[in-house]
Amino acid sequence: MPGSRPPKKGGARVPARRSAGLLLYRRPARGLEVLLVHPGGPFWQKKDLGAWSIPKGELADGEDALAAARREFREETGQDIAGPFTPLTPVKQPGGKSVHAWAVEGDFEPRALTSNTFLLEWPPRSGHHQEFPEVDRAAWFDLAEARRRINRGQSPLLAELEQLARS
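The numbers in the sequence shown follow the working numbering, run straight up by one, and end at 170.
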(Lines of atoms letter the chains of each structure in order from A and count residues from 1; the text may use other names and numbers.)
(Lines give C-alpha, C1' and ligand atoms only; values in the text may rest on other atoms or scores of the structure.)
Protein backbone atom coordinates (compact mmCIF):
# COMPACT_ATOMS: atom_id res chain seq x y z
CA MET A 1 0.00 0.00 0.00
CA PRO A 2 1.63 3.30 -1.06
CA GLY A 3 2.35 5.69 1.80
CA SER A 4 2.32 2.95 4.41
CA ARG A 5 4.92 1.47 6.66
CA PRO A 6 5.62 -2.25 6.72
CA PRO A 7 3.27 -4.28 8.89
CA LYS A 8 3.84 -4.11 12.63
CA LYS A 9 3.36 -7.04 14.97
CA GLY A 10 -0.06 -8.48 14.36
CA GLY A 11 0.04 -7.54 10.65
CA ALA A 12 -1.65 -4.11 10.97
CA ARG A 13 -0.32 -1.44 8.61
CA VAL A 14 0.46 1.99 10.01
CA PRO A 15 0.15 4.93 7.61
CA ALA A 16 3.40 6.79 6.99
CA ARG A 17 3.42 10.03 8.95
CA ARG A 18 3.67 13.09 6.75
CA SER A 19 3.82 16.78 7.45
CA ALA A 20 3.85 19.87 5.28
CA GLY A 21 5.44 23.26 5.85
CA LEU A 22 6.88 26.44 4.44
CA LEU A 23 10.52 27.51 4.41
CA LEU A 24 10.21 31.29 4.52
CA TYR A 25 13.33 33.16 3.42
CA ARG A 26 14.47 36.71 2.81
CA ARG A 27 17.51 38.34 1.24
CA PRO A 28 18.78 41.20 3.39
CA ALA A 29 22.04 42.90 2.40
CA ARG A 30 24.05 40.53 4.60
CA GLY A 31 22.83 37.40 2.74
CA LEU A 32 20.11 34.77 2.73
CA GLU A 33 18.14 34.22 5.97
CA VAL A 34 15.47 31.68 6.87
CA LEU A 35 12.70 31.78 9.44
CA LEU A 36 12.70 28.90 11.92
CA VAL A 37 10.35 28.23 14.82
CA HIS A 38 11.02 26.62 18.19
CA PRO A 39 8.50 24.07 19.49
CA GLY A 40 6.60 25.01 22.61
CA GLY A 41 5.82 22.95 25.67
CA PRO A 42 7.86 21.69 28.58
CA PHE A 43 9.76 18.99 26.68
CA TRP A 44 11.39 21.53 24.35
CA GLN A 45 11.84 24.35 26.86
CA LYS A 46 15.58 23.81 27.44
CA LYS A 47 16.44 22.38 24.01
CA ASP A 48 17.94 24.63 21.35
CA LEU A 49 20.47 23.24 18.86
CA GLY A 50 18.71 20.71 16.65
CA ALA A 51 15.29 21.59 18.04
CA TRP A 52 14.17 24.32 15.63
CA SER A 53 12.04 23.62 12.58
CA ILE A 54 10.32 25.15 9.62
CA PRO A 55 6.69 25.96 10.47
CA LYS A 56 4.96 22.68 9.60
CA GLY A 57 2.36 20.21 10.75
CA GLU A 58 0.56 16.94 10.10
CA LEU A 59 -0.87 16.29 6.68
CA ALA A 60 -4.24 14.50 6.73
CA ASP A 61 -4.98 11.72 4.25
CA GLY A 62 -6.24 13.24 1.03
CA GLU A 63 -5.33 16.79 2.08
CA ASP A 64 -3.55 19.00 -0.45
CA ALA A 65 0.02 19.31 0.84
CA LEU A 66 0.54 22.97 -0.10
CA ALA A 67 -2.81 23.94 1.44
CA ALA A 68 -1.77 22.09 4.62
CA ALA A 69 1.62 23.85 4.62
CA ARG A 70 -0.05 27.26 4.35
CA ARG A 71 -2.57 26.36 7.09
CA GLU A 72 0.19 25.17 9.42
CA PHE A 73 2.23 28.33 8.83
CA ARG A 74 -0.83 30.43 9.74
CA GLU A 75 -1.59 28.30 12.83
CA GLU A 76 1.98 28.39 14.10
CA THR A 77 2.82 32.03 13.34
CA GLY A 78 -0.49 33.87 13.06
CA GLN A 79 0.34 35.13 9.56
CA ASP A 80 -0.71 34.18 6.03
CA ILE A 81 1.96 33.95 3.36
CA ALA A 82 1.37 34.52 -0.35
CA GLY A 83 3.40 32.72 -3.03
CA PRO A 84 4.87 31.96 -5.36
CA PHE A 85 5.79 28.69 -3.66
CA THR A 86 8.70 26.58 -4.90
CA PRO A 87 8.39 22.88 -4.05
CA LEU A 88 11.40 21.34 -2.34
CA THR A 89 12.39 17.68 -2.31
CA PRO A 90 10.60 15.91 0.57
CA VAL A 91 12.89 14.87 3.43
CA LYS A 92 12.63 12.17 6.06
CA GLN A 93 13.26 13.08 9.70
CA PRO A 94 15.06 10.67 12.07
CA GLY A 95 11.73 9.51 13.56
CA GLY A 96 10.50 8.44 10.11
CA LYS A 97 8.13 11.33 9.37
CA SER A 98 8.42 12.76 5.87
CA VAL A 99 8.31 16.53 5.47
CA HIS A 100 6.94 18.11 2.30
CA ALA A 101 8.06 21.73 2.06
CA TRP A 102 7.89 24.77 -0.17
CA ALA A 103 10.30 27.69 -0.25
CA VAL A 104 8.69 31.11 -0.33
CA GLU A 105 10.27 34.55 -0.17
CA GLY A 106 8.70 36.95 2.28
CA ASP A 107 9.05 38.64 5.61
CA PHE A 108 7.79 38.05 9.12
CA GLU A 109 8.29 39.92 12.38
CA PRO A 110 9.15 37.28 15.02
CA ARG A 111 7.78 39.51 17.82
CA ALA A 112 4.36 39.26 16.12
CA LEU A 113 4.29 35.46 16.59
CA THR A 114 0.86 34.17 17.58
CA SER A 115 0.78 30.39 17.79
CA ASN A 116 -2.08 28.00 18.33
CA THR A 117 -1.96 25.99 21.56
CA PHE A 118 -2.27 22.40 22.76
CA LEU A 119 -3.41 20.88 26.04
CA LEU A 120 -1.03 18.63 27.97
CA GLU A 121 -1.19 16.90 31.32
CA TRP A 122 1.62 18.64 33.18
CA PRO A 123 3.38 17.62 35.27
CA PRO A 124 2.97 14.05 33.99
CA ARG A 125 0.42 11.91 35.86
CA SER A 126 -0.60 14.93 37.95
CA GLY A 127 -4.14 15.14 36.65
CA HIS A 128 -3.56 18.84 35.88
CA HIS A 129 -3.80 19.99 32.29
CA GLN A 130 -2.01 23.06 31.01
CA GLU A 131 -2.17 24.88 27.71
CA PHE A 132 1.09 25.47 25.84
CA PRO A 133 1.85 27.27 22.56
CA GLU A 134 2.69 24.90 19.72
CA VAL A 135 5.53 27.30 18.84
CA ASP A 136 7.07 29.45 21.57
CA ARG A 137 9.36 31.63 19.44
CA ALA A 138 10.48 32.36 15.90
CA ALA A 139 13.70 33.85 14.60
CA TRP A 140 15.60 34.66 11.42
CA PHE A 141 18.91 32.86 10.95
CA ASP A 142 21.60 32.98 8.30
CA LEU A 143 22.15 29.58 6.71
CA ALA A 144 25.18 28.67 8.83
CA GLU A 145 23.31 29.29 12.09
CA ALA A 146 20.12 27.71 10.74
CA ARG A 147 22.07 24.50 10.04
CA ARG A 148 23.13 24.39 13.71
CA ARG A 149 19.62 24.92 15.04
CA ILE A 150 17.32 23.03 12.66
CA ASN A 151 16.17 19.46 13.20
CA ARG A 152 18.84 17.46 11.36
CA GLY A 153 16.23 15.74 9.18
CA GLN A 154 15.20 19.12 7.76
CA SER A 155 18.75 20.27 7.04
CA PRO A 156 18.59 19.16 3.37
CA LEU A 157 15.84 21.76 2.85
CA LEU A 158 18.37 24.48 3.67
CA ALA A 159 20.90 23.06 1.22
CA GLU A 160 18.29 22.90 -1.54
CA LEU A 161 17.19 26.48 -0.84
CA GLU A 162 20.80 27.63 -1.02
CA GLN A 163 21.18 25.96 -4.43
CA LEU A 164 17.94 27.55 -5.67
CA ALA A 165 19.06 30.99 -4.46
CA ARG A 166 22.29 30.69 -6.45
CA SER A 167 20.52 29.87 -9.72
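The beta-carbon is built from N, C-alpha and C at its ideal position, and this holds for glycine as well.
Predicted model only: the values in this text are computed from it and were never measured.
Buried or exposed for residue i, please, with buried defined as at least 16 other CB atoms from any protein chain shown within 10 angstroms of its CB.
| i | result |
| --- | --- |
| Lys95 | exposed |
| Pro97 | exposed |
| Phe76 | buried |
| Ala85 | exposed |
| Gln157 | buried |
Determine the closest residue to residue i out of the options, with distance taken between C-alpha atoms.
| i | options | result |
| --- | --- | --- |
| Pro58 | Arg128, Lys49 and Asn119 | Asn119 |
| Gly42 | Pro113, Ala141 and Ala104 | Strictly speaking, residue 42 in this sequence is Pro, with Gly absent from that position. Here the closest residue by C-alpha is Ala141. |
| Trp143 | Arg114, Glu165 and Asn154 | Arg114 |
Hey, would you say residue i sits closer than 8 Å to residue j, going by beta carbons?
| i | j | result |
| --- | --- | --- |
| Gly60 | Phe135 | no |
| Thr80 | Phe111 | yes |
By DSSP's criteria, residue i is part of a beta bridge. Which residues make up the other side?
| i | result |
| --- | --- |
| Glu134 | Leu122 |
| Gly44 | In DSSP, Gly44 forms no bridge with anything. |
| Lys100 | Its beta-bridge partners do not exist; DSSP assigns none. |
| Lys95 | Ser101 |
| Leu153 | Residue identity differs from the one stated: residue 153 is Ile in this sequence, not Leu. Answer is Trp55. |
Over the uninterrupted beta strand (DSSP E) stretch that includes residue i, give me the two end residues.
| i | result |
| --- | --- |
| Arg74 | No beta strand (DSSP E) holds Arg74; the alpha helix (DSSP H) holding it covers Ala68 to Thr80. |
| Arg21 | Arg21 to Arg29 |
From which residue to which residue does the alpha helix (DSSP H) around residue i run?
| i | result |
| --- | --- |
| Ala115 | Premise fails: Ala115 is in no alpha helix (DSSP H) and is neither H nor E. |
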